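What follows is one structure encoded as structure tokens, with my remarks underneath.
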Amino acid sequence: MSTSKNTHPVDEKLPFGQLFLYGLQHVLAMYAGAVAVPLILGNALGLGKEQIIYLINADLFTCGIATLIQTLGFWKMGIKIPVIQGVTFAAVTPMILIGKTHGLTGVYGSVIIAGIITFLVSPYFSRLIRFFPPVVTGSIITIIGVSLLPVAVRWAGGGVPSAKNFGDMQFIGLAFVVLALVVFFYRYFKGFLSNIAVLLGLIAGLLLAIPFGLVNFSGVTTAAWVGVTTPFAFGMPTFDVPSIIAMTLVMLVVMTETTGDFIAIGEIVDKPVTQEDLTRGLRADGFSTMLGGILNAFPYTAYAQNVGLVGLTRVKSRYVVAAAGGILVVLGLFPKVAAVVASIPTPVLGGAGIAMFGMVMASGVKTLSKVKFEGTHNLMVVAVSIAVGLIPLAVPTIYQKFPMELQVILNSGITVGSVVAILLNALLNKVDAA
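The sequence shown runs 2 to 435 under this note's numbering.
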């Protein structure tokens, strides 16, 4: 182990075996979210099976590169904390609308320009970090955790609420067995084994699911051994101004969410995020998004799913997540390997997800526990920001009558809650904007 007394846990270099297993744990935690977007977009645009598989491979490959840039740093990019990158769900609806009108070349043209704009405005956007004291960050982290829990619940129920077998007792039972195993491994195993409690829970859940016929390995036999992503595989990008504006708006939303994720991870690993750190992190988001447009992929952001995993495992090394980035690159190059990972049933992911996402929420509560409430207006800041942030979670269709441009913002409870927390804190607690 390459470390010293003066080495921060974030910069700790672990043995290869531990790096691989911890990294694999991160990949399994985010894999379902990573492949969901290309599946949704491909089906919405009527793409063939081979084209959708190509999109998935391109996405995984670019996820890996984006994660390596963010964790290891490159030029003036990369926040260098354990943050994994994944495609943002905020871009799904705009990409479908753009794709139906201008095709994938229109999607990628708008993604490339939005990535460049994100890169250029990052130093200015990062100045907002002064508006993120503990009362704001604690509220945002709590909103992130609560907002993620429905994802885990849908996984536990079988994945798609509209499916006839959604909520089957077999699915929910398996999810809770996995959850119980994760807690058991976390509590009663020691050291390294305790730290891979989620990975052990996923493996155990996969093995338990096989006798019940819940595991489908057919995708492994049909998947190709090697798949190489080439730039502009669907044609040269086209640039439509309204599409570019829509995608840029999405990236502004993503930058707000990413800021919350960065600060959340900084809190968990005891390494406060500075303005310069945030600039480097947001630049990496912009560059990776631009790269996504070139490599037939999508806009990228910090994946909140993995924030909870960092807190749950207590493994703070950024090299662990860098290892996850390397694994994602390999998955993108070898579709058959990716198909093995995709065989994990969603109820198994749901059981682990409940623990991970609950840990994010608990981290927010922990941050708020350090906030002074007596003699301040902090209680109102927390109450209103969390309440407003959970509105689209409680009633997902509440903003359906609003213009699409506003829906992009309002349907993101994390973004709305963050903005409300920042504004209320500035107004009620008289934050100095200088």
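Think of the CB as a built atom: it goes at the ideal place given N, C-alpha and C, for glycine as much as any other residue. Since the model is a prediction, treat every value here as computed from it, not as a measurement.
Query	Result
Quick one: what's got a C-beta closer than 7 Å to glutamine 71's C-beta in the same chain, skipping five residues either side?	Gly79, Ile80, Val84, Gln86, Gly282 and Ala285
Identify the residues that DSSP records as bridge partners of glycine 87: which are they?	Thr302
Between which two residues does the alpha helix (DSSP H) containing tryptophan 226 stretch?	Where tryptophan 226 is concerned, there is no enclosing alpha helix (DSSP H), given that its DSSP letter is neither H nor E.
Indicate the three-state DSSP secondary structure (helix, strand or coil) for lysine 14 in the structure shown.	strand
Given this structure, state the Cα-to-Cα distance separating alanine 365 from isoleucine 142, to the nearest angstrom.	The residue asked about is misnamed: residue 365 is glycine in this sequence, not alanine. When rounded, the distance between both Cα atoms is 5 Å.
For lysine 373, which option in Thr398, Leu407 and Asn430 has the closest C-alpha, if you only look at C-alpha atoms?	Asn430
If you run the structure through DSSP and keep just helix, strand and coil, what is phenylalanine 167?	coil
Taking 8 Å as the cut-off, decide whether the C-beta atoms of glycine 312 and phenylalanine 358 are in contact.	no
Only counting runs of 4 or more residues, tell me where the alpha helix (DSSP H) segments fall wholly within the stretch 10-69, in order along the chain.	17-45
Locate the alpha helix (DSSP H) running through methionine 447, then write down its first and last residues.	Only positions 2 to 435 of the chain appear in this structure, which leaves residue 447 out of reach.
What residue from Leu182, Val383 and Leu407 has the CA that sits closest to isoleucine 355's CA?	Leu182
Suppose the cutoff is 8 Å on Cβ atoms and the five residues either side in sequence are ignored; what does the same chain contact list for isoleucine 53 look like?	Pro39, Leu40, Gly43 and Asn44
Can you tell me which of the three DSSP states phenylalanine 75 falls into?	strand
Compare the beta carbon distance of leucine 391 and glycine 376 with 8 Å and say whether it is the shorter of the two.	no
Exposed or buried, which one is alanine 115 when buried takes at least 16 other CB atoms within 10 Å?	buried
State the start and end residues of the unbroken alpha helix (DSSP H) segment that holds glutamate 258.	242-269
Assuming isoleucine 423 is part of the alpha helix (DSSP H), what are its boundary residues?	414-429
Report, in whole angstroms, the separation of the C-beta atoms of threonine 249 and isoleucine 97, which I expect to be a contact under 8 Å.	Rounded, the Cβ-Cβ distance is 17 Å, inconsistent with contact.
If I'm right that proline 346 touches leucine 150 with Cβ under 8 Å, what's the distance once you round it to whole angstroms?	Rounded, the Cβ-Cβ distance is 19 Å, inconsistent with contact.
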